[in-house]
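Positions 905 to 1018 (our numbering) are the ones given, in order, by the sequence shown.
All C-beta atoms, glycine included, are put in the ideal place defined by N, C-alpha and C.
It should be emphasised that the depicted structure is a prediction, and the values quoted were computed from it without experimental measurement.
To start, the structure itself, in C-alpha cells.
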Amino acid sequence: MNISQLISKNIFTLANDGGNGDMSISKVFCCDLLSIAMGKAPEGCAWVTVMGNSNTLAVATLTQASCILFAEGIQLDDAALDKAKEHNITVMYTELPIFDAALAVHQLIQENLA
C-alpha cells in the first residue's frame, strides 16, 4: 500500500500532502518517545503518535517514515505544519486512539498484500 491509497480511504484527515503519494507504507509504527522512535522507526512506516510538535517532524525525516498519523485529536500548530509543508512530510489527523488508528492502517496493508 502507498500513501495515496491510504489517503483515498478517507479514514484520516489529510493535514499536509507531502507529494510522496507513491511512497510505500511498509508497516505501522507506534511510539511517543522521540528518542526511541529515532532508533526504531522503520523506513517507510506509517508512524502513529500523539507527539504533535516540530521535533516529531525531524524524527520522521531522519527515519524516513512514509507519513505521520496524529491520533487522539492531536494536531500540529501552524509553525509545525509549515515545517511539514517545507519538508514534504505527509501528515494526517484522527480522533481515533493510537491502537485503533494503527490497526486500521495495519488492516489496509494486509488487505493489499492479499
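Self-check item: For Val-954, three-class secondary structure by DSSP
Solution: DSSP places Val-954 in coil when its eight states are reduced to three.
Practice problem: Please list the segments of the beta strand (DSSP E) lying wholly inside the region 986-1011, counting only runs of 3 or more residues, in order along the chain. | Solution: Runs found: 994-997.
Quiz item: Is the region 991-1002 close to the region 911-921, with three or more CB pairs under 8 Å?
Solution: With a cut-off of 8 Å, the region 911-921 and the region 991-1002 count as touching, because enough Cβ pairs lie within range.
Quiz item: With 16 other CB atoms within 10 Å as the buried threshold, where does Ala-975 fall?
Solution: Taking all protein chains shown into account, Ala-975 has 16 or more neighbouring C-beta atoms within 10 Å of its C-beta and is therefore buried.
Practice problem: Could you check which residue in Ile-993, Ala-988, Leu-938 has the C-alpha nearest to that of Gly-948? | Solution: It is Ile-993.
Quiz item: Excluding the five sequence neighbours on either side, which residues of its own chain have a C-beta within less than 7 Å of the C-beta of Asn-906, listed in chain order?
Solution: Gly-925, Asp-926, Met-927, Ser-928, Ile-929.
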